[in-house]
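Chains as they are written, first to last, in full-length UniProt numbering: chain A, 1 to 237; chain B, 1 to 266; chain C, 1 to 246; chain D, 1 to 305; chain E, 1 to 365.
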């Protein structure tokens with residue numbers, strides 16, 4: 001059962017169990033009160049080990065959090081790392097030359113300024129520049145990250161990007177897949193990368209994603225159909 | 001320009017030797033050659049452009065305006081300096097502006113602006129605009145030469161209406177095309193570098209860097225006048241100097257200023 | 001406004017030119033060899049313009065460093081004494097001047113091979129000593145000359161001219177009096193082509209007249225290009241002769 | 001504007017490839033202007049223009065001031081186009097010296113003020129001493145490209161919508177009648193300038209653009225923000241319904257064939273006609289809406305007399 | 001003419017002395033400008049520009065695709081156009097246009113003189129009057145304590161005690177980066193910090209690349225001609241003298257391959273050995289102290305040389321050792337060194353040099 005909470009709302013916590021707080025929740029160090037600090041849907045999971053609370057809220061400004069999948073643009077190259085922008089007008093993050101599969105001092109990655117990369121946030125201390133990586137650092141293996149060649153990027157709200165990536169019941173990708181074959185990479189920083197063999201299909205997907213953002217799930221089908229109709233004229237009823 | 005320590009000490013030793021050995025072999029009283037053009041801005045009453053052999057260049061325009069001096073009794077000469085690449089409120093521009101406005105301060109002895117009076121009520125006011133296109137050291141000397149050349153070639157419309165117009169309502173009227181030469185002689189400003197016991201006129205940019213101090217001396221109508229100032233030319237060698245050098249400096253200017261004037265006039 | 005007869009029934013303009021005649025166009029390059037890498041002095045009618053190109057050189061500010069190409073910076077200094085009447089205030093931060101600077105940068109950005117000079121700054125300084133109409137066009141011409149003098153690679157000449165429209169007659173290369181009295185069009189043309197890098201109309205002009213004005217303007221700009229080219233070749237021949245003599 | 005928005009090479013390539021295949025990101029035709037919505041506020045002289053995601057508001061106000069010394073028979077008219085971070089993070093507060101901000105301000109200035117769209121002689125109250133000062137403040141609310149075009153429509157709609165209080169003059173004595181006392185009067189609009197902005201893209205290399213004969217450059221009308229960020233050149237044409245070119249600005253950028261530019265001007269005229277009609281129609285609708293109340297009032301007045 | 005100042009006056013014109021060509025007065029009075037008239041046949045009709053021909057930007061150089069396109073050109077399909085104003089150069093199949101002017105562009109092996117502008121992370125930035133500053137890596141200099149000494153972290157911390165902002169040095173261009181900027185090295189005893197003299201600058205186009213850029217001149221003065229147009233005049237040192245002796249003269253018996261290149265031809269009589277030199281190359285090579293024995297007459301000679309080099313530059317004469325000496329000799333006609341800065345004197349010296357060469361029958365190239 002989801003509940004809409006606003007910052008400062010009273011949230012019931014079972015004091016007898018250990019509590020872990022996620023994004024949007026805050027524990028006042030003095031009073032030990034648990035308070036939501038963002039407006040959104042309160043998510044609560046209770047199990048034997050304890051309870052988890054977080055607020056699912058939508059926003060536009062991305063703040064790196066460890067483990068997030070993100071899409072960034074290379075904006076600079078230094079002696080040992082790239083500077084990557086995850087969203088315009090926010091602090092850039094760094095991508096070490098060593099954070100690539102099979103990287104070594106001799107074997108440098110060959111990304112250029114302006115290239116798109118799919119990566120994971122591996123360190124996000126408040127006080128330090130966040131770092132991202134293009135490999136699975138636990139195994140050192142390739143994990144599907146790296147250069148995103150060609151394609152197009154759609155910018156959506158962070159909540160929408162999360163839905164696309166994590167919500168298996170979210171119908172949009174399945175709807176799109178009915179019309180066209182495409183590759184997609186979803187960055188939790190609100191960037192969605194798309195590519196297909198036909199530019200018109202890519203455009204139709206691109207526009208559908210943008211149009212669906214902020215609409216009711218029920219309208220998705222119509223929106224997708226309309227866009228494919230407009231760009232490719234191939235929608236058979 | 002930033003010089004290396006070795007360069008500076010070589011220069012300092014050379015310049016403070018007796019007699020001074022300047023890096024381009026000049027005598028202490030010798031200027032670098034200059035080139036002057038005048039009268040090239042038809043929209044201005046007077047104009048000049050001066051180029052020094054190191055490429056320093058400045059352009060001066062003199063424009064006039066008729067003012068009612070019974071109401072507007074500011075100085076009749078207003079000078080403004082614009083140095084390329086410098087903001088108007090930068091320290092260099094402001095210091096040169098303030099010095100020049102003192103140099104061009106009307107004064108019966110040196111800069112006689114009575115020539116600018118048209119009638120009992122009206123006068124010409126002169127706007128002297130200086131544009132320094134490029135300079136490698138303090139351009140004050142060059143500017144004063146350029147102003148001198150511009151003012152000495154300035155022509156103004158010839159008055160045809162009467163002198164006594166206190167009771168007259170009309171503005172003064174001028175001849176359609178006849179012009180009169182203003183023939184105003186503005187002061188020349190000399191910059192001397194002090195190195196050791198030596199005084200060097202027109203220091204080049206590398207001489208600047210090792211000068212113990214600088215001396216600005218103004219000269220007009222055959223004699224040294226105010227303002228006379230010291231000016232620090234660098235941050236490294238600057239220090240106080242013997243008072244006797246001041247007298248020597250003034251004497252050096254007195255001895256050679258007339259040659260400069262004649263060269264400008266020729 | 002009609003104190004003057006801008007265009008007489010005999011087909012003569014205020015300064016005695018005919019409709020399709022340029023003003024006196026005199027230019028020289030390499031005028032400030034000490035102070036710059038490339039320089040020009042241009043007199044187009046009574047416009048007198050000094051242009052200095054400095055660079056490609058190490059950028060002065062970090063923000064001017066572009067790893068892929070040179071940054072182009074243009075400063076237009078319109079002196080207070082440039083007009084008949086001395087202006088009281090400085091023109092430095094006027095919007096009109098800022099607009100001009102932007103237009104000039106965008107004109108030359110597409111024509112100079114900036115990609116050949118990564119991580120450098122090309123700084124252009126222009127001093128307008130006197131102005132008498134069609135100033136934007138003269139600025140373009142003077143920059144073209146100074147850039148070529150500096151040896152910086154560019155695709156082609158950019159030559160520019162202003163054309164006025166007097167009733168139905170286009171008047172080539174307008175001066176201040178004409179410019180103030182009628183609508184004018186300024187255009188910047190690439191080389192001998194009919195491609196316009198810059199086009200600026202600041203007053204009302206009938207849509208159906210525009211095409212003929214552009215045609216005259218392009219022809220005029222081509223003529224300006226030719227005049228600049230002549231001067232450059234003359235200068236080059238002189239230099240070549242001088243160096244081969246020694 | 002939008003200097004620091006980072007755009008990847010992929011996006012750049014994609015956009016250009018799409019254009020080569022005759023496609024725009026939002027599915028519009030190359031010469032399709034976005035649908036223009038005009039909304040009026042409660043006050044006179046308040047118009048908001050929406051074009052896609054671009055939103056611009058213009059607010060006209062008036063006061064009595066002293067005319068310029070050299071123009072005693074003319075009123076004053078200012079247009080201020082100040083951008084703020086409200087329109088997008090790329091805009092800095094209090095800094096309007098950015099290249100695009102200056103160009104935008106200058107074009108609106110030339111299109112509306114310099115072209116005499118407003119009858120400023122009609123603003124004179126007492127020659128040399130009193131006149132109306134009309135001020136149009138343009139606020140950028142959301143930026144998705146096309147600020148110049150939208151601003152121009154907003155300014156014109158707001159000016160046409162505006163009513164200034166009626167006055168009566170006896171010698172030097174001026175009485176301003178409150179709006180509830182006397183019907184306020186509209187401004188004199190002499191023509192309606194409309195800006196249409198074209199964006200140019202070069203699908204080939206620079207050499208082809210400079211020396212080639214193919215004229216393969218792509219021209220689109222009313223670019224969105226992404227298109228604006230990636231374009232190679234821009235042309236803003238201002239026209240009115242009388243087939244007058246009011247202002248043209250192509251401040252550098254991709255060199256374009258003169259004939260293509262002429263074609264742009266002709267296309268712009270078609271759009272100008274449509275938008276002019278739209279503004280006039282909206283103004284009519286709006287005044288009809290207001291007149292509903294006015295007619296009630298006037299019928300009361302009629303009864304009294 | 002006054003001894004104090006010389007003034008050249010021009011009245012009634014803002015002319016430049018560039019080229020006043022009577023034949024080419026621009027006369028637009030009867031120019032009918034119409035679209036059709038404008039196409040001028042000159043230039044574009046030919047298909048192949050000849051070597052040495054003058055071209056200007058946008059001009060078609062050739063429509064023959066056989067040429068490789070070098071600097072100063074660009075192309076579209078088969079057409080090759082010029083991007084600068086200059087002269088055509090054809091070397092084998094390579095077609096390029098050499099601009100009339102331009103900044104110094106470094107080439108590997110160039111002997112340059114530079115000034116430190118910035119001390120950075122393991123590198124110095126050096127102004128060599130090019131488009132970009134050159135880089136001198138910490139690893140590309142000889143450090144005090146011998147050539148074979150390993151560099152340590154403390155060296156990084158005391159970089160400023162070797163070379164600091166403003167310091168002048170001569171160096172060789174070791175390699176070029178992709179963007180055309182230079183990486184320098186001073187790993188030879190003939191390179192390093194400059195002392196005991198005077199700096200001056202001439203256009204880089206006047207310095208011709210040659211095997212040797214350091215010359216001992218009459219009067220105990222040595223000149224270093226940086227290819228980038230920076231010039232250093234100094235009192236001739238022992239090392240300078242040693243270099244001028246024939247290499248065979250070495251009787252020292254030290255294995256010649258153990259020393260740096262510059263040390264090979266040392267004068268045996270000066271009792272300087274390579275090992276000695278290695279010791280010399282201790283802190284002293286980064287010293288800021290000038291030789292205390294520079295006499296006033298050497299200083300005057302240096303000033304005279306500086307002036308004659310400026311005179312050559314003023315006359316746009318390529319600067320070589322022979323010409324400097326010949327100009328120096330010509331300048332002896334003027335006992336007052338200060339008079340050498342006057343234009344007419346500079347011109348006369350330039351003429352003397354050129355005429356002298358013509359008389360000897362070998363126009364120095």
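Beta carbons are placed, not taken as given, at the ideal position from N, Cα and C, and that holds for glycine.
Predicted model only: the values in this text are computed from it and were never measured.
Extent of the continuous alpha helix (DSSP H) to which residue i belongs
{"i": "residue 161 (chain D)", "result": "147–161"}
{"i": "residue 243 (chain E)", "result": "238–244"}
{"i": "residue 47 (chain C)", "result": "No alpha helix (DSSP H) holds residue 47 (chain C); the beta strand (DSSP E) holding it covers 47–57."}
{"i": "residue 149 (chain C)", "result": "135–150"}
{"i": "residue 107 (chain B)", "result": "That residue, residue 107 (chain B), is in no alpha helix (DSSP H); it is neither H nor E in DSSP."}
{"i": "residue 113 (chain C)", "result": "Counting along the chain, residue 113 (chain C) falls outside any alpha helix (DSSP H), and DSSP gives it neither H nor E."}
{"i": "residue 18 (chain D)", "result": "9–20"}
Contact check, residue i vs residue j, beta carbons under 8 Å
{"i": "residue 117 (chain C)", "j": "residue 7 (chain C)", "result": "no"}
{"i": "residue 95 (chain C)", "j": "residue 111 (chain D)", "result": "no"}
{"i": "residue 194 (chain E)", "j": "residue 169 (chain E)", "result": "yes"}
{"i": "residue 79 (chain D)", "j": "residue 157 (chain D)", "result": "no"}
{"i": "residue 194 (chain D)", "j": "residue 238 (chain D)", "result": "yes"}
{"i": "residue 93 (chain A)", "j": "residue 129 (chain A)", "result": "yes"}
CB contact check: residue i to chain B, cutoff 8 Å
{"i": "residue 129 (chain C)", "result": "yes"}
{"i": "residue 90 (chain C)", "result": "yes"}
{"i": "residue 50 (chain C)", "result": "yes"}
Chain H contact residues for residue i, given Cβ-Cβ distances below 7 Å
{"i": "residue 199 (chain A)", "result": "Protein chains in the displayed structure are A, B, C, D and E, and chain H is not among them."}
Interface flag, residue i vs chain E, CB-CB below 8 Å
{"i": "residue 5 (chain C)", "result": "no"}
{"i": "residue 31 (chain B)", "result": "yes"}
{"i": "residue 212 (chain D)", "result": "yes"}
{"i": "residue 183 (chain D)", "result": "no"}
{"i": "residue 36 (chain B)", "result": "yes"}
{"i": "residue 249 (chain B)", "result": "no"}
{"i": "residue 7 (chain B)", "result": "yes"}
{"i": "residue 217 (chain D)", "result": "no"}
Extent of the continuous beta strand (DSSP E) run through residue i
{"i": "residue 80 (chain C)", "result": "Taken as a continuous stretch (DSSP letters only), residue 80 (chain C) belongs to no beta strand (DSSP E), as it is neither H nor E."}
Outcome for residue i when other beta-carbon atoms lying within 10 angstroms are tallied against a minimum of 16
{"i": "residue 153 (chain E)", "result": "exposed"}
{"i": "residue 54 (chain A)", "result": "buried"}
{"i": "residue 209 (chain E)", "result": "exposed"}
{"i": "residue 19 (chain B)", "result": "exposed"}
{"i": "residue 141 (chain A)", "result": "exposed"}
{"i": "residue 241 (chain B)", "result": "buried"}
{"i": "residue 223 (chain D)", "result": "buried"}
CB contact below 8 Å: residue i versus chain C
{"i": "residue 131 (chain E)", "result": "yes"}
{"i": "residue 255 (chain D)", "result": "yes"}
{"i": "residue 54 (chain E)", "result": "yes"}
Neighbour flag for residue i against chain D, beta carbons, 8 Å
{"i": "residue 332 (chain E)", "result": "no"}
Legend entry - Contiguous alpha helix (DSSP H) assignments of at least 4 residues, all confined to the UniProt domain "Exoribonuclease phosphorolytic" (30–157) of chain B: 91–103 and 140–152
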